[in-house]
Amino acid sequence: MEKVGLTGPGILWSASRIRKPDQLDWDSFLKWYEGDLIPQALAIDGFHSCFRGVVTDYGVERPNIVVLATQDLKVFDSPEFSVISDSGKRLMAGTAGFYDVLDFDNRWYSLISVSDHGKKPLAETKSFMTVGWDIKGDLAESVVDNWFEQHHCPQLAKIPGFIRTTRFRAQHTRWSAGNGAQLPCPDFFEIMEFETPDIDVMTIIEHADQSEEGQRIQNEIMESCHFEFARFSMEGTWGKGPMFEQS
């Protein structure tokens with residue numbers, strides 16, 4: 007398997023779908039994922055938490071999401087992690103093959119920052135929203151950083167049910183069905199967690215009651231960046247505490 011070649015804290019974000027439902031049903035897929043693959047991963051020294059979610063918005067091609075968090079991304083290049091692929095062979099015994107039936111879009115992200123308002127364990131997260139973005143114009147990355155910390159995070163803290171937001175930078179991608187090709191992946195990524203099942207997306211996007219300065223900067227960011235948004239229901243969590251502690 008190709009080396010990831012990364013170090014430091016971060017996550018594997020793995021989006022998946024069943025390509026051939028006539029050969030594998032959803033219940034069998036989840037039984038394998040939660041009963042075999044995830045326990046194997048968490049048994050490896052280096053992984054401390056994991057969660058699985060399902061997309062609640064329409065039109066998302068790979069609805070099943072699994073996130074593995076680690077304090078050092080080099081664990082993905084360990085011999086122990088490479089053995090996990092054997093569980094796929096057990097799942098697909100007697101079929102055309104693991105990747106012929108399943109499709110994975112794997113993305114490795116390094117941690118940028120954590121803003122932990124609720125200070126609650128991952129187990130209390132009921133839903134989460136993600137935002138991916140690329141800076142397309144001449145906007146300095148520091149402008150986004152400052153707005154994020156000084157305006158965005160304080161606004162999120164006012165939303166009922168908000169727990170925390172964690173921000174990442176994309177480092178590596180791998181598409182199982184791509185034959186070497188890669189899927190588009192935003193440079194920056196945010197995961198916002200909530201203890202409520204519903205998420206008011208427009209309240210988050212608009213930040214209507216932020217200061218005039220915050221709104222001015224947000225408008226500048228919106229004009230200079232490309233965004234993608236998605237909402238998820240939390241279907242399962244493993245491990246203790248949050249993905250990462252706020253430093």
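Just add 6 to wherever you are in the sequence shown, counting from 1, and you've got the numbering used here.
The beta-carbon is built from N, C-alpha and C at its ideal position, and this holds for glycine as well.
Everything numeric in this text was worked out from a predicted model, so none of it was measured.
Between the CA atoms of residue j and residue i - distance to the nearest angstrom
i	j	result
K80	R25	30 Å
V60	Q77	25 Å
F53	D151	28 Å
N70	S20	8 Å
I44	L12	21 Å
V89	M198	32 Å
A163	H123	6 Å
L30	W38	11 Å
I50	H178	21 Å
P27	S182	17 Å
E218	P15	35 Å
L145	F233	14 Å
Q188	W32	25 Å
Supposed close pair residue i, residue j - CB separation, criterion 8 Å
i	j	result
K242	L48	It is Gly, not Lys, that sits at residue 242 in the sequence shown. Actually they do not touch by this definition, with Cβ atoms about 12 Å apart.
C231	K142	6 Å
Y115	A176	6 Å
V73	A236	Actually they are not in contact, since the Cβ atoms of V73 and A236 sit about 13 Å apart, beyond 8 Å.
G138	F194	7 Å
Check whether residue i and residue j have beta carbons under 8 Å apart
i	j	result
I165	A75	no
S22	R58	no
F238	L117	no
F200	F154	no
G247	L108	no
E212	T136	no
T202	G167	yes
R180	S119	no
M240	T131	yes
D140	P192	yes
Proximal residues to residue i (C-beta, below 7 Å), its chain only, five neighbours per side dropped
i	result
S121	C159, R170, T171 and Q252
F35	I24
Q161	H213 and Q216
R113	W19, A176, T179 and C191
Contacting residues, own chain, Cβ-Cβ under 8 Å from residue i (five flanking each side not counted)
i	result
V149	I223, E226 and I227
E229	G143
E40	R58 and G242
D204	S133
E147	I141
C56	I44, A47, L48, V72, V73, L74, A75, T243, W244 and G245
V207	M135, F235 and R237
Three-way DSSP call (helix, strand, coil) for residue i in this model
i	result
Q221	helix
A214	coil
D106	helix
V6	Summary: the structure shown does not reach residue 6, with the chain confined to residues 7 through 253, and so no result is reported for it.
G11	coil
C231	strand
Q46	helix
M208	helix
L18	strand
D33	helix
Q177	strand
C191	coil
E40	helix
L145	coil
V81	helix
D111	strand
Any non-hydrogen atom of the ligand ZN within 7 Å of residue i CB
i	result
S121	Of the ligands one can find in the structure shown there are none, so the ligand ZN has no counterpart to examine.
Close-in-space but distant-in-sequence residues of the same chain around residue i (CB under 6 Å, 5 per side omitted)
i	result
G220	H157
D85	Note that residue 85 corresponds to Pro in the displayed sequence, not to Asp. Excluding positions up to five away in sequence, the list is empty.
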